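For this note's numbering, count along the sequence shown from 1 and bump the result up by 772.
Some notes on the structure that comes next.
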Amino acid sequence: MHIRNRTMLGFAFGVALLLAFAVGGSGPSVAEELGLAVKKPVVAAACKLCPWGAIADVLKEALKPQGYDLQICYTCSRGNNPRYVVGTMTPPQTDPEGSPPPPNHPIEFGITSGSSVQWMYEGSHDYAKDGGHKELRLIARVDVANYAVMMVKASTGITDLRQIKEKRLPVRVITTESTGNMPILKYYGITKKELESWGGSYVRFVGTLPEDPDAFDVVIMNNLYLGGAPEMRPYYLITAKYDMRFLPMPQDLRENMVKDVGGQLVNIPTALFRGVNAPVPSVGTSARAVYAKQDLSADFAYAIAKSLDDNRDLFRWTHVPFTYDSRLVTKLPPVPLHSGAERYYREVGYLK
């Protein structure tokens, strides 16, 4: 009787052990159930309210009729996006916007700013230490206007940013020493080191947001745009709460900006923000890129290009004023088109 009980107990233990191994071994299968091979491709985008995330949401809807269930990494934002795509970094589990964790699968393609893809391809600017990644390919370009903005509280009496250095004004500036802002800061002699030398300061940032958006005198930002993205909210609130003076950018600085960091000569349009009472000379950029490494399936790249084109009306109903322009969708020099996307654009006549 005792022998039989021990035998039954041993059998039960063995079954439990096998079940434990089965359950424990199922972890990796989660990753195996995602990916292009099972029509659940994984894209590096950004937070749900950010332009890259909004483009990803449009693409997810556009791909559904072809049987794809796009998996979106909403934490793949900011400058590291191209590094996630080429595989030199892995995405964080969360971000300052509280985005959900990334899909448990390697990133297969990405959506980010056009300049980030161009610079990563070349190994320049913010990606000089990455060495260049000539394997990157453009699949589609979508545009949203960004503007370089220089504005001051009217109460400061500042009418030209040169006055800050000339008068050694101890102003508080909302800005960062990013690649896009540095040409402006150097031009006016108000880099962080210079400004602090006479008692001025930069407002501290937490993630993409100024820690105290009320404790400032001057704003210098190279990439402001319409839309409800978290990093844009402070500037709408600032212009609603304070009387701001928008300063025109000198022509030589505009030309330097275009040469150094790209973009084109534009005017900030009247009424873009409260306080813009007439067009303000500035520079702007607009390109957003859906891109991948050249080894992404040509058939899937074709599907992406076709889906965005066929469903371009979806962009009209997002919270960001996107444009899909068939004259621009293939252009992000020097980044080449992916072969699958190129095939589609030739078929529809966007490429000759």
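Ideal Cβ placement from N, Cα and C applies to all residues, glycine included.
On a predicted model such as this, the values are computed, not experimentally measured, just so you know.
CB contact flag (residue i, residue j, <8 angstroms)
i     : j     : result
G961  : K937  : yes
V1055 : V1092 : no
P878  : V814  : yes
I956  : M922  : yes
F977  : T951  : no
S720  : N853  : The requested residue 720 does not occur in the structure, where the chain is confined to residues 773 to 1124.
C845  : A817  : yes
R1046 : L1037 : no
Y1007 : V1033 : no
P982  : I946  : yes
A912  : A1064 : no
L808  : F1072 : yes
R944  : A987  : yes
P1051 : Y893  : no
Endpoints, the alpha helix (DSSP H) within which residue i is located
i     : result
Q843  : Q843 -> not in any alpha helix (DSSP H); beta strand (DSSP E) instead, spanning 843 to 845.
R1084 : Premise fails: R1084 is in no alpha helix (DSSP H) and is neither H nor E.
Q1036 : Premise fails: Q1036 lies in the beta strand (DSSP E), 1036 to 1040, not in any alpha helix (DSSP H).
R1194 : Because the chain is modelled from 773 through 1124, residue 1194 falls outside the range shown and cannot be assessed.
K832  : 823 to 835
Q935  : 934 to 938
N- and C-terminal bounds of the beta strand (DSSP E) containing residue i
i     : result
K1065 : 1052 to 1065
L908  : 908 to 925
A1043 : Run containing A1043: none; DSSP gives neither H nor E here.
S885  : 881 to 885
M1004 : Premise fails: M1004 is in no beta strand (DSSP E) and is neither H nor E.
DSSP three-state assignment for residue i, whether helix, strand or coil
i     : result
L981  : strand
L1109 : strand
N876  : coil
N1049 : coil
V1092 : coil
V1160 : This structure gives no information on residue 1160, because the portion of the chain shown stretches from 773 to 1124.
M892  : helix
M954  : helix
G807  : strand
M1021 : coil
L1123 : coil
E968  : helix
L1068 : coil
G839  : coil
T931  : coil
L1009 : helix
E1114 : helix
S849  : coil
I1076 : helix
P800  : Per-residue confidence for P800 stands at a pLDDT of 39, beneath the threshold of 50, marking its modelled position as unreliable; the derived number appears in the next sentence. The answer is helix: DSSP assigns P800 an H, G or I state.
D898  : helix
N777  : In this prediction, N777 has a pLDDT of 45, which is less than 50 and means its spatial position is unreliable; nothing more can be read from the coordinates.
P854  : helix
Residues that residue i bridges to, as DSSP identifies them
i     : result
I946  : V991
V815  : I844, F881
L996  : Y919
M861  : DSSP output for M861 lists no bridge partner at all.
K1016 : Strictly speaking, residue 1016 in this sequence is Met, with Lys absent from that position. DSSP lists K925 as partners of M1016.
Heavy atom of the ligand HEM within 7 angstroms of residue i beta-carbon
i     : result
S1098 : As for the ligand HEM, it is missing from this structure, which has no ligand bound.
Is it the case that the segment 991 to 998 contacts the segment 906 to 921, given that we only count it when at least three CB pairs across the two stretches are under 8 angstroms? yes
Indicate whether the contact test is met: 3 or more Cβ pairs, each with one atom in the segment 830 to 840 and one in the segment 861 to 876, closer than 8 angstroms. no
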